[in-house]
Amino acid sequence: GAVVSQHPSWVICKSGTSVKIECRSLDFQATTMFWYRQFPKQSLMLMATSNEGSKATYEQGVEKDKFLINHASLTLSTLTVTSAHPEDSSFYICSAAIGSSPLHFGNGTRLTVT
Amino acid sequence: ELKVEQNPLFLSMQEGKNYTIYCNYSTTSDRLYWYRQDPGKSLESLFVLLSNGAVKQEGRLMASLDTKARLSTLHITAAVHDLSATYFCAVDETSGSRLTFGEGTQLTVNP
Numbered sequence: 793g794a795v796v797s798q799h800p801s802w803v804i805c806k807s808g809t810s811v812k813i814e815c816r817s818l819d820f821q822a823t824t825m826f827w828y829r830q831f832p833k834q835s836l837m838l839m840a841t842s843n844e845g846s847k848a849t850y851e852q853g854v855e856k857d858k859f860l861i862n863h864a865s866l867t868l869s870t871l872t873v874t875s876a877h878p879e880d881s882s883f884y885i886c887s888a889a890i891g892s893s894p895l896h897f898g899n900g901t902r903l904t905v906t
Numbered sequence: 023e024l025k026v027e028q029n030p031l032f033l034s035m036q037e038g039k040n041y042t043i044y045c046n047y048s049t050t051s052d053r054l055y056w057y058r059q060d061p062g063k064s065l066e067s068l069f070v071l072l073s074n075g076a077v078k079q080e081g082r083l084m085a086s087l088d089t090k091a092r093l094s095t096l097h098i099t100a101a102v103h104d105l106s107a108t109y110f111c112a113v114d115e116t117s118g119s120r121l122t123f124g125e126g127t128q129l130t131v132n133p
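So the protein lines, in turn, are chains Z and X.
Under this note's numbering, the letters of the first sequence match residues 793 to 906, in that order.
Under this note's numbering, the letters of the second sequence match residues 23 to 133, in that order.
Shown next, in the form of structure tokens:
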């Protein structure tokens with residue numbers, strides 16, 4: 793089946809630094825990738841939608857200058873959390889789709905900002 | 023704005039019992055997904071429901087979709103401890119794979 797690889801699985805960083813999270817579709821080309829954030833004991837909230845070669849579409853309330861998304865190819869999207877703060881600590885999950893076919897989710901990245 | 027509501031949010035049940043989790047959504051859609059999430063893990067796809075009246079079963083879980091009522095159910099039959107997890111429904115409003123998730127139902131199956 794289709795596999796989405798997310799890296800790293802967990803990361804700890806100091807406040808004020810930036811962190812990059814990668815999302816790769818390993819055996820298919822994803823037309824669209826999605827980035828979600830999940831706080832403890834809560835549901836998944838969509839942060840942004842990215843299409844290869846174009847700017848990401850951010851959900852209301854998500855700061856595009858803080859959460860930089862790059863979708864350079866059909867198999868790779870990256871999320872960079874810039875100037876991270878403790879309130880950015882969360883579980884970040886990407887997903888990838890081919891057209892309107894069912895989504896495939898990455899294993900998630902747990903970010904802790906100290 | 024699409025709203026997706028799950029009921030109940032917490033469910034504690036005994037092994038061997040049956041129960042149903044409900045997922046209501048507020049706008050027209052015929053694409054609904056059910057996922058399982060274990061603590062600290064990402065989502066595991068359980069069911070994809072793509073039309074009114076769709077019913078799918080896998081083991082002790084059965085999901086159905088009623089698009090006219092904007093309701094999906096996840097039925098658990100003869101629960102076992104291994105089913106303990108959080109279950110999410112998600113609705114694709116635009117058929118473009120952009121999902122809106124329900125709050126999740128935290129299921130605990132007690133021996």
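Glycine is no exception: its CB is placed at the ideal position from the N, C-alpha and C atoms.
Treat the numbers as computed from the prediction; the structure is a model and nothing was measured.
Excluding the 5 residues preceding and the 5 following Val-131/X in the sequence, name in chain order all residues of the same chain whose CB lies nearer than 7 Å to its CB.
-> Counting only residues of its own chain and dropping the five nearest sequence neighbours on each side, Val-131/X has a CB closer than 7 Å to the CB of Met-35, Glu-37, Ala-101, Val-102, His-103, Leu-105 and Ser-106.
Terminal residues of the beta strand (DSSP E) in which Val-77/X lies = Unbroken beta strand (DSSP E) run through Val-77/X: 77-80.
Under the three-state DSSP convention, the category Leu-895/Z falls into | Coil, per DSSP.
How do the region 864-879 of chain Z and the region 805-820 of chain Z stand: do at least 3 beta-carbon pairs fall below 8 Å, yes or no?
-> These segments touch.
Should Ile-885/Z be flagged as near chain X, meaning a C-beta pair shorter than 8 Å?
-> Judged by the 8 Å Cβ criterion, Ile-885/Z is in contact with chain X.
Provide the residue span of the beta strand (DSSP E) that contains Phe-826/Z, from first to last.
-> Taken as a continuous stretch (DSSP letters only), the beta strand (DSSP E) holding Phe-826/Z covers 824-830.
Taking Leu-860/Z as part of the beta strand (DSSP E), name the residues at either end of that continuous run.
-> Residue range 859-865 is occupied by the beta strand (DSSP E) that includes Leu-860/Z.
Closer than 7 Å by beta-carbon distance: list the chain X residues that pair up with Ala-889/Z, in chain order.
-> Under a criterion of Cβ atoms nearer than 7 Å, the residues of chain X adjacent to Ala-889/Z are, in order, Ser-119.
If we count the other Cβ atoms within 10 Å of its Cβ and call it buried at 16 or more, is Gly-124/X buried or exposed?
-> It is buried - the Cβ of Gly-124/X has at least 16 other Cβ atoms within 10 Å.
Backbone CA spacing between Thr-89/X and Arg-53/X [nearest angstrom] = Within the model, the alpha-carbon separation for Thr-89/X versus Arg-53/X is close to 9 Å.
Per-residue contacts from Tyr-17/X into chain Z (C-beta, under 8 Å) = Since the first and last residues shown for chain X are 23 and 133, residue 17/X lies out of range.
Which of the three DSSP states, helix, strand or coil, is assigned to Asp-88/X?
-> In the structure shown, Asp-88/X sits in a strand (DSSP, three-state: E or B).
Could you pull the start and end residues of the beta strand (DSSP E) that Asp-114/X belongs to?
-> Annotation for Asp-114/X: the continuous beta strand (DSSP E) segment containing it runs 107-114.
Taking only beta-carbon atoms, is Phe-826/Z less than 8 Å away from chain X?
-> Chain X, which has a Cβ nearer than 8 Å to the Cβ of Phe-826/Z, makes this yes.
Out of curiosity, what's the CA-to-CA distance linking Lys-856/Z and Pro-30/X?
-> Using only the alpha carbons, I get a separation of about 34 Å.
Give every residue of the same chain whose Cβ lies closer than 6 Å to the Cβ of Arg-829/Z, excluding the five residues on either side of it in the sequence, and list them in chain order.
-> Once the five neighbours on either side are set aside, the close Cβ partners of Arg-829/Z are Met-837, Met-839, Ser-882 and Tyr-884.
Nearest to Glu-879/Z by CA position, among Gly-900/Z, Phe-897/Z, Ser-887/Z and Thr-906/Z, is which residue?
-> Minimum Cα distance to Glu-879/Z is reached at Thr-906/Z.
Indicate the three-state DSSP secondary structure (helix, strand or coil) for His-103/X in the structure shown.
-> Three-state DSSP puts His-103/X in a helix.
Looking only at its own chain, which residues have a Cβ that is under 6 Å from the Cβ of Ile-861/Z, when we skip the five neighbours before and after it?
-> By the criterion of a C-beta distance shorter than 6 Å, Ile-861/Z is surrounded in its chain by Ala-840, Ser-842, Ala-848 and Leu-871, once the five residues flanking it on both sides are discounted.
Residues of chain Z with a CB under 7 Å from the CB of Gly-126/X: which are they?
-> Those within 7 Å of Gly-126/X in chain Z are Ser-835.
From the DSSP output, which residues share a beta bridge with Ala-889/Z?
-> Paired residue(s): Thr-824/Z.
Step through the CB atoms of chain X and report whether any lies within less than 8 Å of the CB of Leu-838/Z.
-> Yes, because at least one Cβ of chain X sits closer than 8 Å to the Cβ of Leu-838/Z.
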